[in-house]
Amino acid sequence: MVVTRFAPSPTGYLHIGGLRTALLSYLWARRNGGKFILRIEDTDFSRNDEAAALAIVEAFKWVGLEHDGEIEYQSSRLAIYQEYAQKLLDEGKAYKCYMPKEELDALREEQTARKERAKYDNRYRDFTGTPPEGLEAVIRIKAPLEGSITVHDGVKGDVVFNVADILDDFIIARADGTPTYNFVVAVDDALMGVTDVIRGDDHLSNTPKQIVVYEALGFPLPKFFHVPMIHNSEGKKLSKRDGATDVMMYKTMGYTPEALLNFLVRLGWSHGDQEIFSMAEMLELFDPRDINRSASVYNTEKLDWLNSHYLKNMPNEKLCELLEFHGVILVSHDKKEILLDAVKERAKTLVEMATLINEVLVRPLEFDEAALKKGYKEESKAILEAFATALKNSSELHLPSDYHHVMETVVAQLEIGFGKIGQPLRVALLGKLSGPGLDSVMAIIGVEETLARINALLKH
RNA sequence: GGCUCCAUCAUCUAAUGGUUAGGAUUUCAGAUUUUCAUUCUGGUCAUAGGGGUUCAAAUCCCCUUGGAGUCACCA
């Protein structure tokens, strides 16, 4: 069975980069009928934020990812970590170190000054004497002193680390007894039966340490897949400073989960020339072994394109539902089908769509200066009046085509081009020169409101 | 700075060692549309540089350059 996990530290909202690794882990687990675990890495109590786990779950819910079982909180598993640390102590694979923090810092400073690598000097590695009084010990694991550790990575290939370059007897439990990251990750992944670790490649250099823990504890190694980072336009790791990194921000900006997920899955992964992937297709096609080795730059233009694609192809009923979040309530509107059909092809986001809808539904309070100048000329008045009269004399106006017919008649009568009536009418109805088709707009707001808006412009 | 990773259009990417280096987004031009948008058609744009190996290199090897990540009693 394939077991994957997403293991964020609860420092805030769900990050867009986190969502991507979560998605990939989720896809791989589901594709194999396995399990996808959500584990909160909250062993550093000073940095915990209780709301964070909830925020992550909320974001998962929005995009439709679902984890299996209960959320695992590392803070509630401290006894387990202590047990395994003790086991290593008992077996002589770890030891207590009484070196004070200040002394360690001083040592590091010296080493750095000498241009050496900062590392612990193993002074307590084989200590058998009496421990110094009044000092709290940390627990250090005995890391190999020489040789190399190879990470067999499903994305990067075999990555060899020289022990002398990167390792020392690193701390697995702090002086206050709480365990540290590299220790708990290995313990938990092993205990929870995680078979495939899919995570950001910023963790690649941690992996040798975790392998040391796995081996000391006699746990079998999982498969590792270190997926490349998402970069910002400057080519750096995406961070909070880059603006929209909170997944839930995408909801407020009017993106759909389908578009966001589709966008993310195509960063660093592809399937031939295919651009559009439904969740079903992702589940059928995704394989972590196909992930690219290089980082990709996050750019919103493609996201926008995907989002408009999904918007265009969404049933009106669903659109109606989603628009409520953006303050547009259409359930009981009898012309909502015409309205939605008229706006769905011209909006990149739900926010834009909501704006478009309001521009149709709400009588314009003012007329755009430039639009007036360009679209409402001297001759326009008479044309609008003629059109208003024609409207009043028509009956049974319901569909856009009915209104279109009236326009045609007037245009023919006055022997003018469509533009001569379209421009001023557009100014009257919408207050500006762009927007949905006029026949649709009139069908949506009805004859009375159409006449009222024309009147308002004539009196302007 | 040490260690590690990475390198195809502006961006996301495709290409059993053999293709006029393909697609998508963006952009530009044209068509459609009373407007805007959509849609359609077409165009511009790439194998970082240098050495090898090979009949043949985007693809394999080496070097250079550039970029990124990471080096805690954070995760």
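According to the numbering used here, the stretch in the first sequence is residues 290 to 749, in order.
Glycine is no exception: its CB is placed at the ideal position from the N, C-alpha and C atoms.
Would you kindly report the start and end of the unbroken beta strand (DSSP E) that includes Lys324?
-> 324–329
Would you identify the three-state DSSP class for Lys270, choosing helix, strand or coil?
-> Shown here, the chain extends from 290 to 749; a query on residue 270 therefore has no answer.
As assigned by DSSP and simplified to three states, the class of Val617 | coil
So, are the CB atoms of Glu634 and Lys601 less than 8 Å apart?
-> yes
According to DSSP, what are the bridge partners of Glu697?
-> DSSP lists no partner for Glu697.
So what does Val292 bridge to, in DSSP terms?
-> Lys324
Apart from the five residues just before and just after Val617, which ones in its own chain have a Cβ nearer than 6 Å to its Cβ?
-> Ala643, Ile646
Which one or two residues does DSSP pair with Asn602 in a beta bridge?
-> In DSSP, Asn602 forms no bridge with anything.
By Cβ distance below 6 Å, which residues in the same chain neighbour Ala584 in space, the five residues on each side in sequence not counted?
-> Pro517, Met518, His520
What span of residues does the beta strand (DSSP E) with Arg429 cover, start to end?
-> 427–430
For Glu669, count neighbouring Cβ atoms within 10 angstroms of its own Cβ and tell me buried if that reaches 16, exposed if not.
-> One point to set straight first is that residue 669 is Ser, not Glu, in the sequence displayed. Flag for Ser669 reads buried.
So, is Ala569 buried or exposed, given that buried needs 16 or more other C-beta atoms within 10 angstroms?
-> exposed
Residues that Tyr384 bridges to, as DSSP identifies them | DSSP, once it has assigned bridges, lists Arg429 as partnering Tyr384.
For Ala675, which of Glu704, Gly301, Asn551 has the nearest alpha-carbon?
-> Glu704
Name the DSSP bridge partner or partners of Phe575?
-> Per DSSP, none; premise fails for Phe575.
Does the segment 365–375 touch the segment 386–402, meaning 3 or more C-beta pairs lie closer than 8 Å?
-> Counting Cβ pairs under 8 Å, fewer than three are found: no touch.
In this structure, does DSSP put Arg309 in helix, strand or coil?
-> Residue state, collapsed to three classes: helix.
Would you mind stating whether Lys709 and Asp657 have Cβ atoms separated by less than 8 Å?
-> no
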